Amino acid sequence: MSTTLSPLIDLQLKGFKVYEKNLTLQEAERPLLAAQIFSRRDYYKVLLLESKCVLHYAHQRLELDGGQYLFFTNPHIPYSLELRTDRLHAYACLFTEEFVAAARSESLHQSPLFRIGSTPLFKLPASQADYVRGIFHKMLAEQQGDYPFKGDLIRTYVQLLIHEALHLQPADPVVQPNNAATRLTSLFLELLERLFPIELPTQQLTLKTPQDFADRLAVHVNHLNKAVKQVTGKPTSAHIAGRILDEAKALLQHTDWSVASIATCLGFEYPTYFNNFFKKHTGVTPLSLRRKD
């Protein structure tokens with residue numbers, strides 16, 4: 001197929017990218033499916049995962065048995081994969097809200113597949129996995145093609161992926177809190193996620209301690225701690241520290257900001273406090289993680 005492009009038609013898809021990854025374990029030690037030209041802060045993702053691994057998504061740990069799984073993630077929630085095999089095979093498409101807006105009547109934030117607090121992972125039966133894989137192949141072909149309306153066609157394919165997943169879950173996917181502790185915990189976790197991502201070196205966390213969150217939610221800190229521990233099995237401070245650690249890793253891997261700037265953004269008074277916190281939880285220093293990447 002000719003690669004010559006018509007000067008009258010912009011064939012570069014704005015706000016969209018699809019690719020296939022087939023990595024060895026050594027290659028996959030780098031951040032999953034990292035595409036350096038795309039900011040994790042702007043792009044939604046749909047992935048077809050076909051390897052045995054553990055998916056770490058927000059505060060959840062999900063075991064994948066090597067079957068075919070369709071996974072949806074939004075730019076505000078970090079995720080990573082821990083491989084349980086020597087090879088990673090996956091398909092991924094990335095897109096902005098603006099790219100799919102013309103084909104949707106609701107915001108992606110309102111979709112049960114991308115809403116904060118959801119678990120957007122679906123195991124596919126063999127026949128459905130073949131169909132979904134075919135959609136990714138079609139998107140890959142169109143991305144390289146010269147069809148002048150390929151953007152509209154690819155938007156349709158993205159919608160097909162979304163509807164395939166919606167078929168696999170109940171008509172009303174929103175789980176209503178069944179008691180006060182669950183409701184308070186849900187509010188806390190949503191408030192925690194809304195603090196991220198950190199997008200500018202001048203931005204700083206406004207809530208850093210359980211007391212800060214309790215004050216914002218207008219409850220006593222002991223009440224908040226008790227509810228969060230009861231519902232999640234982890235203390236409030238562990239959720240906060242875990243989310244700060246996730247953001248620290250992302251900033252180290254996806255920006256060129258200094259460690260001191262990242263420390264300040266994440267609420268640490270001195271870089272040494274940040275270094276100690278990071279090494280305590282990861283076993284390496286922030287600079288060591290950046291150099292490894």
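Its first residue numbered 1, the sequence shown is counted upward by one per residue in UniProt numbering. For each residue, glycine too, the CB sits at the ideal point set by N, CA and C. Only a predicted model underlies this, so the values are computations on that prediction, with no experimental measurement involved.
DSSP, read as helix, strand or coil, puts Asn275 in helix. DSSP places Tyr270 outside both helix and strand once states are collapsed to three, so it counts as coil. Per the coordinates, the alpha-carbon of Phe95 lies some 35 Å from the alpha-carbon of Gly233. The continuous alpha helix (DSSP H) containing Phe188 extends over residues 180-194.
The criterion of a C-beta distance shorter than 8 Å is not satisfied by Ala165 and Gln68. Judged by pairs of C-beta atoms under 8 Å, the stretch 194-201 does not touch the stretch 211-224, as fewer than three such pairs exist. The beta carbon of Ala248 is closer than 8 Å to those of Ile262, Leu266, Phe274, Phe278, Pro286 in its chain, skipping five residues each way along the sequence. For Leu48, same chain residues with a beta-carbon under 7 Å away, outside a window of 5 residues either side, are Gln68, Leu70, Ala90, Tyr91, Val132, Arg133, Phe136 in chain order. The residue among Tyr157, Lys292, Pro125 with its C-alpha nearest the C-alpha of Lys138 is Tyr157. In the DSSP assignment, Arg133 falls within the unbroken alpha helix (DSSP H) covering 126-144.
DSSP places Asn22 in the strand class (E or B) of the three-state scheme. Short of 8 Å from the beta carbon of Leu108, and not among the five residues preceding or following it, lie these beta carbons of its own chain, in chain order: Tyr44, Asn74, Glu97, Val100, Phe114.
Of all alpha-carbon atoms in Lys14, Val46, Ala250, the one lying nearest the alpha-carbon of Glu20 is that of Val46.
In the DSSP assignment, Ser261 falls within the alpha helix (DSSP H) that extends over 259-265. Ranking Gln253, Phe268, Gln230 by CA distance to the CA of Leu184 puts Gln230 first. Rounded to the nearest angstrom, the gap between the Cα atoms of Leu289 and Gln253 is 8 Å. From the listed residues Phe188, Asp152, Ser80, Pro271, the smallest Cα separation to Ala227 is found for Phe188. DSSP places Arg87 inside the beta strand (DSSP E), whose first and last residues are 87-95. Between Arg84 and Lys52 a beta carbon distance of about 4 Å is seen, short of the 8 Å cut, so the two are scored as contacting. In the DSSP annotation of this structure, the continuous segment of the alpha helix (DSSP H) that includes Tyr157 starts and ends at 150-166.
Pro120 sits buried, since 16 or more C-beta atoms from the chains shown fall within 10 Å of its C-beta.
For His223, the enclosing alpha helix (DSSP H) stretches over residues 221-232. When Ile198, Arg216, Glu63, Gln211 are compared, the shortest CA-CA separation from Leu245 is found for Ile198. The three-state reading of DSSP puts Thr73 in strand, counting E and B together. In the DSSP assignment, the residues bridged to Arg61 are His56. Residue state for Glu82 is assigned as strand, using DSSP reduced to three classes.
In the three-state DSSP reduction, Lys280 falls in the helix class (H, G or I). Boundaries of the alpha helix (DSSP H) harbouring Leu289: 286-292, taken from the DSSP string.
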